[in-house]
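Visitor:
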Amino acid sequence: MNSHKIKLLTFTLGLLALINADAADLIRNGDFTEWNDGKPAAWTIRTKQPISQESAAGGLKIEIAESQGGFGEILQRIDIKPGTRYRLVGELKGTAPKIALYQIKRYSNGRELDRTNTGRNAGADWETVEKVFNSDGADYIEVLIRWQQKAEDVGQSVAFKGLSLEVLPPYSYQGEEVPPQAVATFNSVGLYWKPQGGTSDRVVEVHYRKQGATDWKDALPLWFDATEHGGKGAEHTGEYRGSIVYLEPGTAYEARLKLQDGPERIVPFNTWSEDFKIARHVTLPTTLEGETYKITEGGSEKEGYVLYEPASGVDAVWDAQDKASANVEINASWVIVRGLTLKGASTHGIVLGDVDHVVIDDCDISGWGETRSNGQAKNLNSAIYSSSKQLEHIVIQNCEMHHPRSDSNSWAEKRPGTKSSHPEGPQGISFRGGKGQFVIRNNRIYSDIDHMFNDGMGELSNFGFGGFPNRDSDIYDNFVSHCWDDGLEIEGADMNVRVWNNYIDMTYGAIGAAAPSLGPVYFFRNVYGVSRKHSGSSANDLRGHYLVKLGNEKAQYTRGKMYIFHNTSLQPPAFEGSDLASSGAQSGIVFTSKKKLQENMTTRNNLLQMRGANNWAILDTQKTWSNDFDYDMYDGKIMTREGAEAHAVIASPVYERAPDGRLWLSPGAPGHDAAERIPNFNDDYSGAAPDMGAVETNSQSPKPPHWPVFPENYQPAQAASEQG
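Residue numbering for the sequence shown follows my numbering, beginning at 51 and increasing consecutively.
#1: Measure from the alpha carbon of Gln-199 to the alpha carbon of each residue in Asp-670, Asp-723 and Pro-147, then state which is nearest.
#2: With a threshold of 7 Å on Cβ separation, who are the neighbours of Glu-420 within its own chain once the five nearest residues in sequence on each side are excluded?
#3: How about Asn-552 and Phe-615: are their beta carbons less than 8 Å apart?
#4: Between which residues of its own chain and Ala-329 is the CB-CB distance below 7 Å, once the five residues before and five after are set aside?
#5: Where do the ends of the beta strand (DSSP E) carrying Thr-166 lie?
#6: DSSP three-state call for Tyr-296: helix, strand or coil?
#7: With 16 as the cutoff for other CB atoms within 10 Å, does Thr-346 come out buried or exposed?
#8: Taking DSSP as the reference, what is the three-state secondary structure of Trp-322?
#9: Which complete beta strand (DSSP E) runs does the stretch 537-596 hold, if anything under 3 residues is left out?
#10: Based on Cα-Cα distance, which residue from Glu-202, Gly-205, Val-239 and Asp-275 lies nearest to Tyr-221?
#11: Where does Ser-736 land, buried or exposed, given buried means 16+ other C-beta within 10 angstroms?
#12: In chain order, what residues of the same chain lie with their CB nearer than 6 Å to the CB of Asp-72, ignoring the 5 residues before and after it?
#13: Report the three-state DSSP secondary structure of Ala-433 (helix, strand or coil).
#14: Met-502 and Gly-478: beta carbons closer than 8 Å?
#15: Around the Cβ of Ala-564, are there at least 16 other Cβ atoms within 10 angstroms (buried) or fewer (exposed)?
#16: So Glu-116 and Arg-96 are in contact, right, with Cβ under 8 Å, and what is the actual spacing, rounded?
#17: Considering only the alpha carbon of each residue, which of Thr-277, Glu-278, Glu-255 and Trp-273 lies closest to Lys-267?
#18: Let's test the definition: count the other Cβ atoms within 10 Å of the Cβ of Asp-629 and tell me whether it reaches 16, buried, or not, exposed.
#19: Indicate the three-state DSSP secondary structure (helix, strand or coil) for Gln-768 in the structure shown.
#20: Any idea what DSSP makes of Pro-740, helix, strand or coil?
#21: Taking DSSP as the reference, what is the three-state secondary structure of Asp-203?
#22: Short check: CB of Asn-171 to CB of Lys-143, under 8 Å?
#23: I'd like the list of long-range same chain contacts for Phe-513, defined as Cβ closer than 7 Å, with 5 residues on each side in sequence excluded.
#24: Can you have a look at Gln-636 and say buried or exposed, based on whether 16 or more other CB atoms are within 10 angstroms of its CB?
#25: Are the beta-carbon atoms belonging to Thr-336 and Val-378 less than 8 Å from one another?
#26: Beta-carbon separation of Asp-186 and Trp-675 under 8 Å?
#27: Restricting to Cα atoms, I'd like to know which of Met-651, Val-577 and Ala-305 is closest to Tyr-526.
#28: Give the single residue among Ile-499, Lys-644, Leu-600 and Arg-137 whose Cα lies nearest to the Cα of Gly-586.
#29: How would you write the range of the beta strand (DSSP E) that Gly-486 sits in, first residue to last?
#30: When we look at the beta-carbon of His-584 and count the other beta-carbons within 10 Å, is it buried (16 or more) or exposed?
#31: For Gln-477, name the three-state secondary structure that DSSP assigns.
#32: For Gly-283 versus Phe-515, is the C-beta spacing smaller than 8 Å?
#33: Spatial neighbours of Ile-400 within its chain, please: C-beta separation below 6 Å, excluding the five flanking residues on both sides.
#34: For Leu-68, name the three-state secondary structure that DSSP assigns.
#35: Checking 8 Å against the spacing of the C-beta atoms, do Leu-402 and Val-409 come in under that value?
#36: To the nearest angstrom, report how far apart Trp-534 and His-286 are at their CA atoms.
Next up, the structure:
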């Protein structure tokens, strides 16, 4: 036999051994045939209930002889590999239904990450149950045999056998191809594709161009969703998703998607036009007092929009005088409402019903919201509100939403009759249960310290496959302030949601991102100013919080993709009368508790200046295996998995004033020309490389119209020099 054949045989045998090793059952004594001193070998017993071998062929039987509350359990610890799929299979039965189950607990660095259960027994006959799971960043698991042992269960028995744990290959989509889909807005497009054979190891490259152009431009590759979702998320398992940004409105484009070692697809699409087709005009009255104006007539895709606005050159001021629940109700699709000043609604300014294709443009809304007799503001009373599950394709632009009548409690104030301090109160925008395709741009949401918002925008159902803004949405060029919780609460499915160029100020936290269940969601080039917990002057009142809030305790909703690029947390001047050096965030990109989970994050080129060196610039309490932190600039502490931030810039920023009032990094200062190149997200950099943070030095991109002049920023080195 020649040497080539020997090498080939050796390689083949080695590969077979590796495959067989991975395929081996990882559970010891899963058939319960080995017993020592009346106990199953290799298992840890945590029960006083009588246990025995179920039959001569093995198996485990537990008799529930006394009530011990909750669940009894017997367990085994098993070391596992990060980033690996596993399948647990076993049989179980019980003399009463739904009292027996298996459970898997994942651990990393000795800390429990989460737990998941198989189905329970249906009755007294043997049945097989299984659970497929991914280890992600876990380094070991516990497999638990569990049974219910409450008073009503005494006298029953349960049995288990045939338990095994095996390694599975990475998830691969093997169904028929689902052709690519492009869902566009004015400036972006979301892409979806399920090619046969798709897997996390095979990249889908993305290029785009205007139709008729010759050269292709690079975009970020699509992200492959390998999570085997349940419920409403199941259809997105095995799907490639991603966005292209910075597109021109009203333009025909095409995207080229290429699967590694697989097919290529060309996807044509058109971005939304800003030239709205008008079917007819409705002239609105200049005044309307104490009542709701109801819109029930709209246009159509063929005919265009019905435009509701006051006569040209006339100011229309409508005051509901706390007599009407809303100033305007819109119950027709293909409607534009423009140029109204709305005041004094008892609940919401504008309410949207089961509608789509609605534009709210250039409206000024104030003085809405109800306060209960106990002094607590009603939650989610909003300038613009909808609870419709059919809501889709909505544009809110060029509006002022400010000074609600009511006032949210802060995190320093317990709500009357509760033990909770979570803020509740008015918001600028609340869309509860909508379908998505929302564009919220060029708006101002603001107030004063006596009329604070809960969040600037968001909803309540943050943990699931819905949430706000759900999917295919853009939120950009807004100014948001005066929130006792999040300026922007962007939580839920978050499929192809883009959030950029927003200036957030005078809030406790800037962006709530806890957590995307599907993704990808993109947060880029947002700026955070003042962070504050309460209206008082104590150290706790003036405490700052986060630029981006992460994490959820429900693991199934924490596996969506999140990108965080080129954001900046400033450090404005200190609060009046305070001995603090500055008033910005006291944390950057952070999990807000040790129990929170979030996987599949990528951060790049963020500038995270903290109030002090002991603040957490990045805090991943789980040290999550799949979270990729790198090329960020910070001057606080970080906690991440080993090897993260290998290319970080650890320094405080040194800025110079741009002609338009923004701050950008001084040439030659730390972070200048030091960022990583990201196709489609920092194509227009100047100099040798992109800069860290939200504002590129010598940027040719104009300052968004509602951004303020940036405050003077605290510079530790300058302060130390002046004190010296």
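We treat Cβ as the ideally placed atom computed from N, Cα and C, and that holds for glycine.
Guide: Put simply:
#1: Scanning Asp-670, Asp-723 and Pro-147 for the CA closest to the CA of Gln-199 turns up Pro-147.
#2: Ser-396, Thr-397, Lys-428, Asn-431 and Ser-456
#3: no
#4: Gly-349, Glu-353, Gly-354, Tyr-355 and Val-356
#5: 161-167
#6: Coil.
#7: exposed
#8: coil
#9: The qualifying runs are 545-550, 553-562 and 571-574.
#10: Asp-275
#11: exposed
#12: Confidence is the limiting factor: at Asp-72 the pLDDT is only 48, short of 50, which leaves the residue's position unreliable, though a coordinate-based value still follows. Excluding residues within five positions, the ones whose Cβ falls inside 6 Å are Val-217.
#13: DSSP, reduced to helix, strand and coil, places Ala-433 within a strand of the structure shown.
#14: Taking 8 Å as the Cβ cut-off, Met-502 and Gly-478 do not qualify as a contacting pair.
#15: buried
#16: With 8 Å as the limit, Glu-116 and Arg-96 do not qualify as a contact, their Cβ atoms being about 15 Å apart.
#17: Glu-255
#18: exposed
#19: helix
#20: Pro-740: coil per DSSP, three-state reduction.
#21: helix
#22: If you check the CB distance, Asn-171 and Lys-143 come in under 8 Å.
#23: A distance below 7 Å between beta-carbons, with the five flanking residues on each side excluded, links Phe-513 to the following residues of its chain, in chain order: Asn-602, Lys-604 and Tyr-607.
#24: buried
#25: no
#26: yes
#27: Val-577
#28: Ile-499
#29: 486-491
#30: buried
#31: strand
#32: Taking 8 Å as the cut-off, the beta carbon of Gly-283 is found closer than this to the beta carbon of Phe-515.
#33: Val-378 and Ile-434
#34: The predicted model places Leu-68 with a pLDDT of 38, which falls under 50 and marks its position as unreliable; any figure quoted below should be read in that light. Correct three-state label for Leu-68: helix.
#35: no
#36: 35 Å
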